[in-house]
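Inspection log for the structure reproduced underneath, given as structure tokens.
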Amino acid sequence: MAYMALYRKWRSQTFDEIVGQEAVVTALRNQIIHNRIGHAYLFCGTRGTGKTSMAKIFARAVNCLHPVNGNPCNECELCRESESGFNLIEIDAASNNGVDNIREIRDEVRYTPAKGKYRVYIIDEVHMLSSGAFNALLKTLEEPPEHVIFILATTEPHKVLPTIISRCQRYDFKRFTSGQIFDHLQEVCQAEGIRATDDALRYIARAADGGMRDSLSILEQCVSFYVDEEIDLAKVQDILGTAGTEEYARLTDALAARRAPDALRQIGDIFMAGRDVTAFTTGLIGHLRNLLLMKAMGRDGAAILELGSEEATALSQQADHLPAEQLTWFIESLTELESRMKYASEKRVLLEVEIIRLCRGASEATDEALLARVAALEKRLDEGVFVQKGEKATPAENKNVRKEAPAQPLQDLPKVRQPKMIRTNGAAAQVLEAWPAVKKRIISQEPGMYTLNLMEIKPGSEPDQLILSSNSKIYIKQLEDDGARKLRLIEQVIMDETGAKVHIRTQDTSAAPAPEMDLTDITSLIHGPVDILD
Ligand SMILES: [Zn+2]
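If you count the sequence shown from 1, you need to add 13 to reach my numbering.
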């Protein structure tokens, strides 16, 4: 038997076999059962959501001699002949976008089909039609002959003329959840005798990003590369050219510990292996996002992320020693970087600068080689290659920004949360005014105390008392460790800077009921698709 791609072989043949898309299936099946068939349909959805499979099933069902509960029998003469182009005509608008192709259809539709009730036209990627072709199609759709059905499919419905959309029954196809894809992959593996670990299949399901066809293509690549071997996670990652979770975890640890040289070395290795910079950055953001979700949701996070138990344990262990603020900051910074990368020519330099920036949030910054490297990178930034951090560049604005904006000095610290200033009397008020200067001086003396930027300062109950609060136990502990040496240092700097003698207390607000992390907030903050289980 001739070789057949998995996705073709496993294409659904009846409505019953279709995974997901229940709303569309129910509506179309009912139309067939009750014989209320329309003349124009618009199927919208991202690639791999089953639009073409659905269209073909529908096309067979409308002509089938013995439909079973709305399904095509796939055995009668008309079902079997459907692929021969008798009364099912497939047109790919991406390659036939001319007005002539549509005129041809217009001439053709006047004749009744030789067999069966309907002639069905499936026009794929209909948004690719030229405007002339669109108008020709519109004329046909205005007065469609009784025996003709148009099924227009598109991944970009906003590019389809409203006058066309208004003449069609519109159906929106949902992306598959990675759970649905995982289940389907398991079924395929079992039937095809493919050995694969659950972790590997889960990874494929997530990488396919809602597209069933892509998931089967990835599986197929794995199978053809590792013939007769069990497919495990490492093999899938190898095929996809993505860094493994372990690599992302190692880089995250280096970032969190502010070990810039380690982080840069690791990035060097990754690029030596020929990896794509943007894909790597996206993967790193994904890893950080998973850590944040695990941190916010605990074991529920593992379910949401549809992780295998091994992966979940490793993630939650790493999440345990990383403060949420820091993860949020990494995600925000890298997500911004990711969007800037699209327009930049030197993506690797851009990533390296960002890695250094993230590390310098607190590093001792004494590494001479590192400083030299930063200086060199800054010089390149000054030459106008990149967009300044913090600019929300659109492609149009981008060109201007690139030339005019000077690079942001690297010593500028990230502002994740500004301390709240409260006006009050006494020494405390004076100190609150001077706090930004105090903080700057402390951090320049002890870069590790950048965490002050992430803490709140407010007056205490006594006139000479100030309270530094944070919902991160780690930040609080950092101040109190070593016989509260750092608190004394802060008091000393305040004295030097303002002449005021104050006492500083710490307050751990992590137990306070205040800002609860809402799942919708997390997902809005996270770049990229997150499947939330109902
Ligand atoms: Zn049939």
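Cβ coordinates follow ideal geometry from the N, Cα and C atoms, glycine included.
{"Asked": "Threonine 153 - DSSP class collapsed to helix/strand/coil", "Found": "helix"}
{"Asked": "Endpoints, the alpha helix (DSSP H) within which lysine 308 is located", "Found": "290–310"}
{"Asked": "Three-state secondary structure (DSSP) of leucine 335", "Found": "coil"}
{"Asked": "Limits of the unbroken beta strand (DSSP E) element including glutamine 182", "Found": "182–185"}
{"Asked": "Whole-number beta carbon distance between valine 515 and arginine 454, since they are thought to touch under 8 Å", "Found": "Arginine 454 to valine 515, Cβ: 15 Å. No contact."}
{"Asked": "Any non-hydrogen atom of ligand 1 closer than 6 Å to proline 85 Cβ", "Found": "yes"}
{"Asked": "Contact test: cysteine 89 Cβ vs ligand 1 heavy atom, cutoff 6 Å", "Found": "yes"}
{"Asked": "Contact set for leucine 246: own chain, Cβ-Cβ below 6 Å, skip 5 residues either direction", "Found": "Asp212, Ala213 and Tyr216"}
{"Asked": "Aspartate 521, enclosing beta strand (DSSP E) - first and last residue", "Found": "516–521"}
{"Asked": "Where leucine 492 falls, given that 16 or more other Cβ within 10 Å makes a residue buried", "Found": "buried"}
{"Asked": "Serine 97 versus glycine 61: straight-line alpha-carbon distance, rounded", "Found": "24 Å"}
{"Asked": "Residue burial classification, isoleucine 252 (beta-carbon count within 10 angstroms, cutoff 16)", "Found": "buried"}
{"Asked": "Glutamate 351 versus valine 444: straight-line alpha-carbon distance, rounded", "Found": "39 Å"}
{"Asked": "Cysteine 181 beta carbon near ligand 1 (any heavy atom closer than 6 Å)", "Found": "no"}
{"Asked": "Three-state secondary structure (DSSP) of cysteine 57", "Found": "strand"}
{"Asked": "Nearest neighbour of isoleucine 231, chosen from Arg188, Lys248 and Ala269 [CA to CA]", "Found": "Lys248"}
{"Asked": "Rounded C-alpha distance that separates tryptophan 342 from glycine 473", "Found": "29 Å"}
{"Asked": "CA nearest to the CA of alanine 204, picked from Arg370, Leu19, Leu78 and Phe186", "Found": "Leu19"}
{"Asked": "Through-space distance from leucine 347 to arginine 123, alpha-carbon basis", "Found": "57 Å"}
{"Asked": "Status (buried if at least 16 other CB within 10 Å, exposed otherwise) for alanine 357", "Found": "buried"}
{"Asked": "Option in Thr464, Arg498 and Pro476 with minimal Cα separation from serine 482", "Found": "Thr464"}
{"Asked": "Where tyrosine 131 sits in the DSSP three-state scheme", "Found": "coil"}
{"Asked": "Strand pairing of threonine 167, partner residues [DSSP]", "Found": "Cys57"}
{"Asked": "Cysteine 92 CB to nearest heavy atom of ligand 1 below 6 Å", "Found": "yes"}
{"Asked": "Whole-angstrom distance between alanine 40 and isoleucine 46, CA atom to CA atom", "Found": "10 Å"}
{"Asked": "Selection from Arg116, Thr265, Asp120 and Ile194 that minimises the alpha carbon distance to glycine 33", "Found": "Ile194"}
{"Asked": "Local Cβ density within 10 Å of glutamine 331, reported as buried at 16 or more and exposed below that", "Found": "buried"}
{"Asked": "Three-way DSSP call (helix, strand, coil) for threonine 480 in this model", "Found": "Strictly speaking, residue 480 in this sequence is isoleucine, with threonine absent from that position. Note: isoleucine 480 maps to strand in three-state DSSP."}
{"Asked": "Residues near leucine 538 by beta carbon distance below 6 Å, same chain, minus five either side", "Found": "Since pLDDT at leucine 538 reaches only 35, below the 50 mark, its modelled position is unreliable, and no value is offered."}
{"Asked": "Residue environment, lysine 22, which counts as buried when at least 16 other CB atoms sit within 10 Å", "Found": "exposed"}
{"Asked": "Whole-Å CB distance - leucine 142 paired with asparagine 110, under 8 Å assumed", "Found": "5 Å"}
{"Asked": "Short Cβ contact (7 Å threshold) for arginine 42 with phenylalanine 28", "Found": "yes"}
{"Asked": "Segment contact flag, the segment 156–171 with the segment 63–70, C-beta cutoff 8 Å, min 3 pairs", "Found": "yes"}
{"Asked": "Cβ neighbour criterion (16 or more within 10 Å) applied to glutamine 458", "Found": "exposed"}
{"Asked": "Residues near alanine 262 in its chain [Cβ-Cβ closer than 6 Å; skip 5 each side]", "Found": "Gln331"}
{"Asked": "Range of the contiguous alpha helix (DSSP H) that encloses lysine 22", "Found": "19–22"}
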